[in-house]
Amino acid sequence: MTIDELRARAAERQQTCSQIKKMIVSRLDLEIDPDWITDDQPLFGRGLELDSLDVLELYVAIEAEFGVALYDSEMAVFGSVSRLAEEVNPALRA
Amino acid sequence: MASVLASAHPQETVYGQVGDATVPLRFSSLDEEYKVLRERAAVLDLGGHGLIEITGPDAVAFAQRVLARDVEYLTSDRCMMTLLLDADGQVVDQVLAFGREDGILLESSCGAGARLLAHLRANNDEGVEIADRSGDLTVLGLEGPYAWGVVGRLIDGELASLPFESVVDTTWNGADIVFARTGFTGEYGYQMIVPIEHAADLWRQSLEHAQAAGQEALELAMLEVRQPIPRHEVTEGATVVEIGANWLVDVTKDEFVGREAVLAAFEAGGGRRTVGFSGGDGVPAPGTRVWVNGQDIGEVVHAVHSVGLGATLGLARVDHDLAAAGLELTVGGTEVTTLTSPYIVPKSWSIPII
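Protein sequence lines, in the order shown, are assigned to chains A and B. Here UniProt numbering is used: position 27 in the first sequence is 27, and no number is missing along the way. Here UniProt numbering is used: position 217 in the second sequence is 217, and no number is missing along the way.
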């Protein structure tokens, strides 16, 4: 793969991550720039310090924004923004 | 600084120098200790973490100015992880800040106590009392998917289910200890700050319910969940944004040392970002170049052999537009794949405390 093809692939993931960050900030009324959240930082406990009520809010938000229902998923899908990106955009796993 | 628990460690303990501390790297074997940490419950000698007490009328104001997260309302039943930065936004250390009735107690990262103390003293414009408590207190950790059970058998089952970053002043065998729900590895984690004269007894009693794990197993498990390890990841000139430690900095806070530099780096964009990778046969040294089709895009920050993955696991700092999971890159002469964090899913995420 050429470097430009790799950049395009990275951009696709970063775009999905960016969409997720904006959704999190908006739905949870966080006072930070969405880009301040990194793709790899933990979301629950450490990191963004979301709690179980936030998870419920995010389930609803993800289904509304991406059409993906994660209600029965393991907590691991919320391990990081990048991990969540693979759930809402399975093409990233390829 | 040697561990105050050295006399209680097994004879075959392998020690190593980490910053200003001599710490147990492993007590038996890395593989065994890692498995204990990820599958059962491990006892950790965290004596390499310096303990510094800040007291006086302006203690909170001082801490608020030098710490990168908001500690103004950090009550004595809470703790938080954050960074100390210099005026250029460079990371001085990553600390656990404990709210105390008469101020703040800071726990340094491993081997960084002396550097933290010097930084605090050099920035003491408020004239607060800064005392190194590492000579009379030490830290023991419990970590693992069943660490909560050890807490119940050792101290009090109710403490096991404290909310994350809660702190309780309690007693153990007549000694006053500070107990906190913390964790470095994504597993259930607890810390006990204990007077050194009681530390060996607590260590031995902990070993009746759990197995010891050394610094190597702890750092491997930290890397697997992208918990920053300052001694490996804080490299010369790297910004908070490049390190990926944004979550340890509260940019909504009005003022703290290094804030302007951090914001300038963030707003400038570009630069490099840190991404995990796996692959290859050997473990590349820090500084090994990362390539794409002959083009240099960055360097390895830190790499180890991951017991959990059965493969090399590392962090690379690469051009921001290539810092994403799922890419094939070349490290040295070996093909690797960039990863999505966490690289190992902690067992604790699917095990309830009962």
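For glycine and all other residues, C-beta sits at the position ideal for the given N, C-alpha and C. It should be emphasised that the depicted structure is a prediction, and the values quoted were computed from it without experimental measurement.
Below-8 Å beta-carbon distance, residue i vs any chain B residue
{"i": "D72 of chain A", "result": "no"}
{"i": "Q15 of chain A", "result": "no"}
{"i": "A76 of chain A", "result": "yes"}
{"i": "L58 of chain A", "result": "no"}
{"i": "D54 of chain A", "result": "no"}
{"i": "E86 of chain A", "result": "yes"}
{"i": "M23 of chain A", "result": "no"}
{"i": "R27 of chain A", "result": "no"}
{"i": "I3 of chain A", "result": "yes"}
{"i": "S18 of chain A", "result": "no"}
Contacts that residue i makes with chain E (C-beta to C-beta distance below 9 Å)
{"i": "A11 of chain A", "result": "Here the protein chains are A and B, and chain E is not one of them."}
Sub-8 Å separation of residue i and residue j beta-carbons
{"i": "E224 of chain B", "j": "L30 of chain B", "result": "no"}
{"i": "F179 of chain B", "j": "I196 of chain B", "result": "no"}
{"i": "G186 of chain B", "j": "A42 of chain B", "result": "no"}
{"i": "Q94 of chain B", "j": "M81 of chain B", "result": "yes"}
{"i": "A147 of chain B", "j": "Y188 of chain B", "result": "yes"}
{"i": "R231 of chain B", "j": "S341 of chain B", "result": "no"}
{"i": "A265 of chain B", "j": "G135 of chain B", "result": "no"}
{"i": "A68 of chain B", "j": "L84 of chain B", "result": "yes"}
{"i": "residue 399 of chain B", "j": "F184 of chain B", "result": "Nothing about residue 399 of chain B can be read from this structure; chain B reaches only from 1 to 354."}
{"i": "L30 of chain A", "j": "E57 of chain A", "result": "no"}
{"i": "E107 of chain B", "j": "L117 of chain B", "result": "no"}
{"i": "A324 of chain B", "j": "R13 of chain A", "result": "yes"}
{"i": "W172 of chain B", "j": "L137 of chain B", "result": "no"}
{"i": "T22 of chain B", "j": "E129 of chain B", "result": "no"}
{"i": "V139 of chain B", "j": "Q191 of chain B", "result": "yes"}
{"i": "T239 of chain B", "j": "F277 of chain B", "result": "no"}
{"i": "I177 of chain B", "j": "V194 of chain B", "result": "yes"}
{"i": "R26 of chain B", "j": "V14 of chain B", "result": "yes"}
{"i": "I3 of chain A", "j": "V4 of chain B", "result": "no"}
{"i": "G99 of chain B", "j": "T75 of chain B", "result": "yes"}
{"i": "C17 of chain A", "j": "S82 of chain A", "result": "yes"}
Bridge-paired residues (DSSP) for residue i
{"i": "Y190 of chain B", "result": "B:L142, B:R181"}
{"i": "E335 of chain B", "result": "B:T330"}
{"i": "T171 of chain B", "result": "B:D176"}
{"i": "A303 of chain B", "result": "B:G314"}
{"i": "M75 of chain A", "result": "None, per the DSSP bridge assignment."}
{"i": "R272 of chain B", "result": "B:D319"}
Contact set for residue i: own chain, Cβ-Cβ below 7 Å, skip 5 residues either direction
{"i": "E65 of chain A", "result": "M23"}
{"i": "F78 of chain A", "result": "L43, F44, V55, L84"}
{"i": "residue 373 of chain B", "result": "There is simply no residue 373 of chain B to check, as chain B begins at 1 and stops at 354 in what is shown."}
{"i": "L207 of chain B", "result": "V43"}
Contacts around residue i, its chain only, beta-carbon distance under 8 Å, and the 5 residues preceding and following it disregarded
{"i": "T334 of chain B", "result": "G279, G280, D281, G282, P284"}
{"i": "D86 of chain B", "result": "V92, H119, V257, G258"}
{"i": "P346 of chain B", "result": "R38, P145, T185, G186, E187, V225"}
is_contact[residue i, chain A] using C-beta, thresh 8 Å
{"i": "F266 of chain B", "result": "yes"}
{"i": "W349 of chain B", "result": "yes"}
{"i": "Q64 of chain B", "result": "no"}
{"i": "L154 of chain B", "result": "no"}
{"i": "T75 of chain B", "result": "no"}
{"i": "N124 of chain B", "result": "no"}
{"i": "V82 of chain B", "result": "Here residue 82 of chain B is Thr; the residue named in the question, Val, does not match the sequence. No - not a single Cβ of chain A is within 8 Å of the one on T82 of chain B."}
{"i": "T13 of chain B", "result": "no"}
{"i": "T252 of chain B", "result": "yes"}
Own chain partners of residue i with C-beta closer than 6 Å, once the 5 adjacent residues on each side are dropped
{"i": "I297 of chain B", "result": "V290, V318, D319, L322"}
{"i": "Y71 of chain A", "result": "Y59"}
{"i": "K253 of chain B", "result": "D70"}
{"i": "S109 of chain B", "result": "D93, Q94, P230"}
{"i": "L50 of chain A", "result": "L43, F44"}
{"i": "D58 of chain B", "result": "E126, V128"}
{"i": "G332 of chain B", "result": "P284, T288"}
{"i": "S80 of chain A", "result": "D40"}
(message) Taking beta-carbon pairs under 9 Å, can you tell me which members of the stretch 227–247 of chain B lie near chain A?
(response) Q227, V241, G244, A245, N246, W247
(request) Quick one: which residues of the stretch 161–184 of chain B get their C-beta closer than 7 Å to a C-beta of chain A? List them in chain order. (result) F164
(request) Check each residue of the stretch 327–346 of chain B: if its Cβ is closer than 7 Å to any Cβ of chain A, include it; give the result in chain order. (result) Of all residues in the stretch 327–346 of chain B, L327, E328, T340, S341, P342, V345 have a Cβ within less than 7 Å of some Cβ in chain A.
(request) Output, in sequence order along the chain, the residues in the stretch 288–299 of chain B whose CB is closer than 7 Å to any CB in chain A. (result) V292, N293, Q295
(request) Could you run through the stretch 31–45 of chain A and flag, in chain order, every residue whose CB is less than 8 Å away from some CB of chain B? (result) E31, I32, D33, D35, W36, I37, T38, D39, D40, Q41, P42, G45
(message) Under 8 Å, CB to CB, which of the residues in the stretch 214–226 of chain B have a partner in chain A?
(response) Within the stretch 214–226 of chain B, the qualifying residues are V225, R226.
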